[in-house]
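See structure below.
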Amino acid sequence: MILPFTGAGISTECGIPDFRSPGGFWTRNKPIQFDDFLASRDLRDESWRRRFAMEDSFGGAKPGRGHHALASLYRSGKTPGVVTQNIDNLHQVSGIAAEHVVELHGNTTFATCLDCGQRYEIAEVRTRFEADGHAPDCACGGFIKTATVSFGQAMPETAMRRAEALTRDCDLFLVVGSSLVVWPAAGFPAMAKRNGAALVIVNREATEFDEFADLVIRQDIGDALAPFISH
Ligand SMILES: [Zn+2]
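Going by my numbering, the first residue of the sequence shown is number 558, and it counts up by one from there.
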């Protein structure tokens, strides 16, 4: 079984920048820590203003060649799905069933109430935000936040457990577009190797794990994976 593990690099050709890269979003906008989001209405408002700005610049992003190649692998039964650090929902859009996309950092294309879990669509939150200039709260009184894992917020336990189980079971751990520096991403390739899997890394830049990999393809991801798209 092949387990693809994807990061920001698979989505850059879709127009979604790597937030953590030098000059990227998080080097220009100080991340809002989860505790500060909870404590400050101003920061909740700021957090939503940033989210709406993202919507304007790449809300219409479509899956790229890497996404389509992995969706082809999935359709052929060679992979049970994908583990991703991305929050952009593009694996689902490319045809991988939502329940087979394990999202380590959540999903930014919808929001939930932090108290009761009620789902909210971004457009609905925006309409309410623009009506009175503030981030709306849930009917239950809870704060509404994008379904992402914020800086300072606990990792999602279920996603972590599923990612670990898939990693232990795979024969081939296929890194696509992740530099493997952000925790917990860095733990998975080592776990796969310990359990006897082969490690293949497709990334435009060098990674911490290149020396442990069985194969490193240091190339543009779309170019490298395009031949694997089946129609
Ligand atoms: Zn609620």
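From the three backbone atoms N, C-alpha and C, an ideal C-beta is built for every residue, glycine too.
Can you list, in chain order, the residues of its chain with a C-beta nearer than 7 Å to that of residue i? Leave out the 5 residues immediately preceding and following it.
| i | result |
| --- | --- |
| Arg601 | Phe594, Ala692, Phe700 |
| Arg520 | Residue 520 is absent from the model: the chain starts at 558 and stops at 788. |
| Cys695 | Cys670, Asp672, Cys673, Gln675, Ile701 |
| Phe686 | Trp605, Ala692, Pro693 |
Keeping to the same chain, check which residues put their C-beta closer than 6 Å to that of residue i; ignore five residues upstream and five downstream.
| i | result |
| --- | --- |
| Tyr631 | Ile653 |
| Gly663 | Ile644, Ala704, Thr705, Val706 |
| Ile567 | Gly623, Val733, Gly734, Ile778 |
Are residue i and residue j closer than 8 Å when you measure CB to CB?
| i | j | result |
| --- | --- | --- |
| Cys716 | Glu656 | It is worth fixing the name first, because residue 716 is Ala in this sequence and not Cys. No. |
| Gln590 | Phe769 | no |
| Phe667 | Ala704 | yes |
| Phe766 | Ile778 | no |
| Leu772 | Leu560 | no |
| Thr563 | Gly734 | yes |
| Lys619 | Cys571 | yes |
| Asn760 | Val739 | no |
| His648 | Ile786 | no |
| Cys727 | Met611 | no |
Name the one or two DSSP bridge partners that residue i has.
| i | result |
| --- | --- |
| Val773 | Ile758 |
| Cys697 | Note: Cys697 sits in no beta bridge, so no partner. |
| Asn586 | Paired residue(s): none; Asn586 is not in a bridge. |
| Tyr677 | Ala668 |
| Phe730 | Leu560, Leu756 |
| Ala618 | Paired residue(s): none; Ala618 is not in a bridge. |
| Glu660 | Thr641 |
| Ala704 | Asn664 |
Would you kindly report the start and end of the unbroken beta strand (DSSP E) that includes residue i?
| i | result |
| --- | --- |
| Ala668 | 663-670 |
| Glu570 | Per DSSP, Glu570 belongs to no beta strand (DSSP E) and is neither H nor E. |
| Ile559 | 559-563 |
| Thr636 | Element bounds for Thr636: n/a, residue is neither H nor E. |
Hey, is residue i close to ligand 1, as in C-beta under 7 Å from one of its heavy atoms?
| i | result |
| --- | --- |
| Val617 | Sequence inspection shows Gly at residue 617; the Val mentioned does not correspond to that position. No - ligand 1 has no heavy atom lying nearer than 7 Å to the Cβ of Gly617. |
| Cys697 | yes |
| Asp602 | no |
| Cys670 | yes |
| Gln710 | no |
| Cys571 | no |
| Cys673 | yes |
The alpha helix (DSSP H) spanning residue i covers which residue range?
| i | result |
| --- | --- |
| Glu765 | First-last for Glu765: undefined, no H or E at that position. |
| Pro746 | 744-751 |
| Val738 | It is not in any alpha helix (DSSP H) - Val738 carries neither H nor E in the DSSP assignment. |
| Gln710 | Premise fails: Gln710 is in no alpha helix (DSSP H) and is neither H nor E. |
| Ala781 | 778-782 |
| His648 | 647-650 |
Please confirm if residue i has its CB atom under 8 Å from at least one CB of chain B.
| i | result |
| --- | --- |
| Glu714 | As a matter of chain content, chain B is missing from the structure shown, which is built from one protein chain. |
Looking only at its chain, what residues have a beta carbon closer than 8 Å to the beta carbon of residue i, apart from the 5 residues adjacent to it on each side?
| i | result |
| --- | --- |
| Asp780 | Arg622 |
| Lys750 | Phe730, Leu756, Phe769 |
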